[in-house]
Amino acid sequence: MNVKRLAVVGLTTAAVVAGGATLAGPASADTATQTSPKGPYWPVLQRGQTSEHVRTVQWLLNCKNIKVDVPSHFGPKTQAAVKTYQSRYGLSPDGKVGAYTWTSMASRAQVKYSDRNDCVKALQVALNAFRHSTGAQDLPITGYFGPKTRLSLHKFQKTFYLPVQDHVTVATWNRLTGPESPGE
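In mature numbering (1 follows the signal peptide of the UniProt record, and there is no 0), the protein residues as written are -29 to -1, 1 to 155.
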């Protein structure tokens, strides 16, 4: 009996020391640091906000078959959709879009040339926010990653010293939504 109890206490202590964050799980929105586990800045979005970042998140939710209207306003339906996303992908369902939720969404938003989907709409919204600084034309939000979207993406990548590619990486998503983006 004492051996079993000692083993349980020892394993519990080891788990707390080795992986204490695992026990609590990551919060999706860390308003104190706004950084992900890997370090880049991500804006924290929550109920009541209106911005192009919110609109981007709404299209990313639709891309993952969590349907929500896209009015650019973070209302109760968007909050519920964010909680659904967070629960589905193992995040703490707090209804805020912070570093962990952004990182998760960006890593799952596989967008490449010739795609037709809501993830492309999210990309088009985000690229349009930068059209003045990159010299790109305003993109219609069609959901088609064709020549116009590719040209706009390449101009964005060149302007911000990112590798010029026909697909969107997490680093590109981060730059599109980061601290100097006009989407807030």
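For every residue, glycine included, the Cβ atom is placed at its ideal position computed from N, Cα and C.
Pairwise C-alpha distance: residue j and residue i
i, j, result
"V68", "Q95", "20 angstroms"
"G19", "Y115", "30 angstroms"
"A51", "V25", "14 angstroms"
"V91", "P14", "20 angstroms"
"A97", "D65", "24 angstroms"
"T21", "V39", "15 angstroms"
"D137", "L16", "28 angstroms"
"W73", "T49", "14 angstroms"
"Y12", "I37", "25 angstroms"
"G149", "H103", "16 angstroms"
"D86", "V135", "17 angstroms"
Min CB distance residue i to chain D below 8 angstroms
i, result
"Q128", "Considering every chain present, this structure includes no chain D. It has just one protein chain."
Candidates the options: closest to residue i by CA position
i, options, result
"A107", "S123, L147 and D89", "S123"
"C34", "A70, P47, F101 and A77", "A77"
"V41", "W30, W73 and L110", "W30"
"F101", "G117, V28 and E23", "E23"
"N88", "G46, G61 and G117", "G117"
"Y84", "T140, L32, I37 and H103", "T140"
"V82", "G149, T143 and T148", "T143"
Neighbourhood of residue i by C-beta, 8 angstroms cutoff - its chain only, sequence neighbours within 5 removed
i, result
"P47", "R18"
"H44", "Q20, T21 and V25"
Proximal residues to residue i (C-beta, below 7 angstroms), its chain only, five neighbours per side dropped
i, result
"S75", "Y60 and L62"
"R79", "K35"
"I112", "K92, Q95 and V96"
"K126", "T105, G106 and A107"
"L110", "Q95, L98, N99, K119, T120 and S123"
"R146", "F131 and L133"
Own chain, CB closer than 6 angstroms to residue i, minus 5 neighbours either side, in chain order
i, result
"T27", "A93, V96 and A97"
With a threshold of 8 angstroms, are at least 3 pairs of Cβ atoms found where one atom belongs to the stretch 49 to 60 and the other to the stretch 125 to 135? no
Restricting to runs no shorter than 3 residues, where is the beta strand (DSSP E) found entirely within the stretch 10 to 53? none
Length at least 4, wholly inside the stretch 86 to 155: the alpha helix (DSSP H) runs in chain order: 89 to 99, 102 to 105, 118 to 130 and 141 to 148
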